[in-house]
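What follows is a single structure, written as structure tokens, with notes after it.
Chains as they are written, first to last, in this note's numbering: chain A, 14 to 481; chain B, 31 to 120.
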């Protein structure tokens, strides 16, 4: 029997999707994704409601979720990240059930060990054949890696591949094998290319960001880990990318041959691969066109599943092999706990992604952040939401100095020996307070709008509704 | 005192844009503040603006301030320049 169906509604009917079930999506099409909304609109037209949506990230392109929540089509959301548009509505308390936040490693871990069941998975595939052998590396909506979609496709009761590039014959070297796929639907487009991948992400020109990046690279050099075999992950933020650039300069100058670069991959990491700073890139998600092109053409740029990337239940996951990860923060407190879920008003505008996974796995988890952003102190006495536990965060690099977690005295010694400005994190918090003043505490309601699960599934924190 | 419409500052992050317009004698200060950090610092920003206007001899004026997270010393500087310009002193 052919898996190829005439439209999405037929796929939804045949999948057996009913009220109260869980459907899943992946976020490689990022802010260009049309698939999740397309599927949910079709389900709504079929009269299906009370759906639990497990989606690896929610972007602003999913803003119509807000209406579907109000209509009762969506009654639950499980995700690793939620952008400001839906986040603000959730923070105002529009949904009865709290959002469940996981991490990029915890999500596939929970799907695979059965703690988070998916009834029907929908895989947005930039290229597929009629059997559901599919890849993200080719097609007009090419997004590169499909890393987050593997666990969904393999462990859901039913899996539907949605593609806008259905090819004749059998797809050579698929990412996800058709053996996991029940139905295939061809649509006109699965996403808007402009939102799927950005052009080249730019390194910051902000002098504060450059000072932070310079300290970060020098601290990595001083840590003792920067030698042949070095492994590394960095975020796509301006200061993180600038740090990677400075690090590359040091590696080139000293002829250091690293082993691998990991994570969401940008052109800067591709550049480091091509310059011989790493032997391999292991890629769970491509951030820009350069990364997509590289994963398609360079055999040393390798797609990995989210489970392999970061699942705490998989002993040989990649984050455990990381030497250094550079991460951002919206807030970090004097116990080194980091908030990446809410803004300074306590309103949801982010999520862990792989933040707490890499922090737990890497030998050094380094936060790069300015002391304050537009009068909001980044270094505080207590974070509004604990996204990543302070016990897993080793170093904070600001323009006013480097604070080292007291759990890592040897790092502090090495940084001092290298002449780097090591400071106490309490002094940074005081300095921020002197500069900005003491803010009024945000008004918090008593309704839990989200639960933040740590990568092992335990409850880390609760996010409450925000009163305007 | 005769004051003219004048402004200072920008809408860049960490700055504040301040505009001063004439008002009838005895009308006092009519301050309209919007701020990216209103919830955290609203009353404090208003106090700094009013103090700085007073110190610069502005008693009757309509003042509009659009704050993008400026710290107190920046707010004082922008308000003072707007006041000096309103009075025609710079």
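Glycine is no exception: its CB is placed at the ideal position from the N, C-alpha and C atoms.
Segments assigned beta strand (DSSP E), at least 3 residues, entirely inside the region 283-331 of chain A: 291-299, 314-316
Same chain, Cβ closer than 8 Å to residue 309 of chain A, five either side skipped, listed in chain order: In the first chain, residue 309 of chain A corresponds to position 296, counting from 1. So the qualifying residues of the chain are 150, 151, 155, 157.
Presumed contact (8 Å Cβ cut-off) between residue 147 of chain A and residue 133 of chain A, rounded CB distance: For the purposes of this step, residue 147 of chain A is taken as residue 134 along the first chain, with counting starting at 1. For the purposes of this step, residue 133 of chain A is taken as residue 120 along the first chain, with counting starting at 1. So it is not a contact: roughly 16 Å between Cβ atoms.
Listed by chain order, chain A residues near residue 98 of chain B by CB distance under 8 Å: Here residue 98 of chain B corresponds to residue number 68 of the second chain, with the count starting at 1. Under the 8 Å cutoff, chain A gives 387.
Rounded Cβ spacing between residue 98 of chain B and residue 257 of chain A (contact assumed at less than 8 Å): Counting from 1 along the second chain, the entry for residue 98 of chain B is found at position 68. Counting from 1 along the first chain, the entry for residue 257 of chain A is found at position 244. That pair is no contact at about 29 Å.
Inter-stretch contact at 8 Å, needing at least 3 Cβ pairs: the region 192-206 of chain A / the region 334-341 of chain A: no
Close beta carbons around residue 73 of chain A, own chain, < 8 Å, minus the five adjacent residues each side: For the purposes of this step, residue 73 of chain A is taken as residue 60 along the first chain, with counting starting at 1. 44, 96, 97, 98, 99.
Beta-carbon gap between residue 462 of chain A and residue 106 of chain A smaller than 7 Å: Looking up residue 462 of chain A in the first chain gives position 449. Looking up residue 106 of chain A in the first chain gives position 93. Yes; because the gap between Cβ atoms is below 7 Å, this pair is in contact.
Pick from A/122, A/349, A/190 that is closest to residue 391 of chain A, judged by C-alpha positions: Taking the first chain and counting its residues from 1, one reaches residue 391 of chain A at position 378. Residue A/349 holds the alpha-carbon nearest to the alpha-carbon of residue 391 of chain A among A/122, A/349, A/190.
Simplified DSSP assignment, three categories, for residue 479 of chain A: Looking up residue 479 of chain A in the first chain gives position 466. Three-state DSSP puts residue 479 of chain A in a strand.
Residue ranges of each alpha helix (DSSP H) within the region 131-210 of chain A, 4 or longer: 163-168, 206-209
Chain A contact for residue 78 of chain B (CB, 7 Å cutoff): Looking up residue 78 of chain B in the second chain gives position 48. By this cut-off, residue 78 of chain B is not an interface position.
Amino acids of chain B, ordered along the chain, whose beta-carbon sits closer than 7 Å to that of residue 274 of chain A: For the purposes of this step, residue 274 of chain A is taken as the residue at position 261 of the first chain. In chain order: nothing, as chain B lies at least about 31 Å away.
Neighbour list for residue 47 of chain B in chain A, Cβ cutoff strictly below 9 Å: The residue labelled residue 47 of chain B in the question sits at position 17 within the second chain. Neighbours of residue 47 of chain B on chain A: none; closest Cβ ~14 Å, over 9 Å.
Boundaries of the beta strand (DSSP E) in which residue 362 of chain A is found, first to last residue: Position 349 of the first chain, counting from 1, holds the residue named residue 362 of chain A. Taken as a continuous stretch (DSSP letters only), residue 362 of chain A belongs to no beta strand (DSSP E), as it is neither H nor E.
Closest Cα partner of residue 379 of chain A within the set A/346, A/415, A/446: Position 366 of the first chain, counted from the first residue, corresponds to residue 379 of chain A. Out of A/346, A/415, A/446, A/415 has the C-alpha closest to the C-alpha of residue 379 of chain A.
Residue 142 of chain A to residue 206 of chain A span [Cα, whole Å]: For the purposes of this step, residue 142 of chain A is identified with residue 129 of the first chain, where counting begins at 1. For the purposes of this step, residue 206 of chain A is identified with residue 193 of the first chain, where counting begins at 1. Approximately 21 Å between the Cα atoms of the pair.
Terminal residues of the beta strand (DSSP E) in which residue 459 of chain A lies: As a first step, residue 459 of chain A must be located in the first chain, where it is residue number 446. Segment 457-466, the beta strand (DSSP E) holding residue 459 of chain A.
Which listed residue (A/124, A/366, A/420, A/195) has its alpha carbon closest to that of residue 327 of chain A: Here residue 327 of chain A corresponds to residue number 314 of the first chain, with the count starting at 1. Across the set A/124, A/366, A/420, A/195, the C-alpha of A/124 shows the shortest separation from the C-alpha of residue 327 of chain A.
Any 3 or more C-beta pairs closer than 8 Å across the region 228-236 of chain A and the region 407-414 of chain A: Verdict: yes, contact present.
Identity of the residues DSSP links to residue 52 of chain B by a beta bridge: Along the second chain, one-based indexing puts residue 52 of chain B at 22. Answer by DSSP bridge pairing, in chain order: B/91.
Uninterrupted beta strand (DSSP E) stretches inside the region 77-137 of chain A (no shorter than 3 residues): 87-92, 112-114
Straight-line Cα distance separating residue 449 of chain A from residue 440 of chain A: Residue numbering aside, residue 440 of chain A sits at position 427 when the first chain is read from its first letter. Residue numbering aside, residue 449 of chain A sits at position 436 when the first chain is read from its first letter. Between residue 440 of chain A and residue 449 of chain A, the C-alpha separation is close to 14 Å.
7 Å Cβ cut-off: residues of chain B touching residue 348 of chain A: By one-based count along the first chain, residue 348 of chain A stands at place 335. Those within 7 Å of residue 348 of chain A in chain B number zero; the least Cβ separation is about 22 Å.
Rounded distance between the beta-carbons of residue 352 of chain A and residue 400 of chain A, thought under 8 Å: What you label residue 400 of chain A is simply residue 387 of the first chain in a count that begins at 1. What you label residue 352 of chain A is simply residue 339 of the first chain in a count that begins at 1. Contact check for residue 400 of chain A and residue 352 of chain A: beta-carbon distance about 5 Å, within the 8 Å limit, so the pair qualifies.
Cβ neighbour criterion (16 or more within 10 Å) applied to residue 126 of chain A: Along the first chain, read from residue 1 onward, the residue named residue 126 of chain A stands at position 113. The residue is exposed, with fewer than 16 neighbouring Cβ atoms inside 10 Å.
Where residue 450 of chain A meets chain B, residues with beta-carbon distance less than 9 Å: Taking the first chain and counting its residues from 1, the one referred to as residue 450 of chain A is at position 437. Correct list: 70, 71, 74, 101, 102.
Entirely enclosed beta strand (DSSP E) segments - the region 230-265 of chain A, minimum 3 residues: 244-247
Cβ-Cβ distance between residue 45 of chain B and residue 85 of chain B below 7 Å: To locate residue 45 of chain B, count along the second chain from 1; it is residue 15. To locate residue 85 of chain B, count along the second chain from 1; it is residue 55. No.
Distance, residue 117 of chain B Cα to residue 55 of chain B Cα: Counting from 1 along the second chain, the entry for residue 55 of chain B is found at position 25. Counting from 1 along the second chain, the entry for residue 117 of chain B is found at position 87. Approximately 15 Å, taken between the alpha carbons.
Contacting positions in the region 353-371 of chain A - beta carbon closer than 9 Å to chain B: 357, 358
Distance, residue 31 of chain A Cα to residue 57 of chain A Cα: As a working mapping, residue 57 of chain A is identified with position 44 in the first chain. As a working mapping, residue 31 of chain A is identified with position 18 in the first chain. Answer to the nearest angstrom: the Cα atoms are 11 Å apart.
Cα-Cα separation between residue 85 of chain A and residue 66 of chain A, rounded to whole angstroms: What you label residue 85 of chain A is simply residue 72 of the first chain in a count that begins at 1. What you label residue 66 of chain A is simply residue 53 of the first chain in a count that begins at 1. In a straight line, the C-alpha of residue 85 of chain A is about 12 Å away from that of residue 66 of chain A.
Same chain, Cβ closer than 6 Å to residue 245 of chain A, five either side skipped, listed in chain order: Your numbering for residue 245 of chain A matches position 232 in the first chain. For residue 245 of chain A, where only same-chain residues beyond five positions count, the Cβ hits under 6 Å are 274, 337.
C-beta neighbour in chain A for residue 67 of chain B, strict 7 Å: Position 37 of the second chain, counting from 1, holds the residue named residue 67 of chain B. With 7 Å as the cut-off, residue 67 of chain B counts as an interface residue toward chain A.
Residue 468 of chain A vs residue 369 of chain A beta-carbon contact at 7 Å: In the first chain, counting from the first residue as 1, residue 468 of chain A sits at position 455. In the first chain, counting from the first residue as 1, residue 369 of chain A sits at position 356. Pairing residue 468 of chain A with residue 369 of chain A gives a Cβ-Cβ distance under 7 Å.
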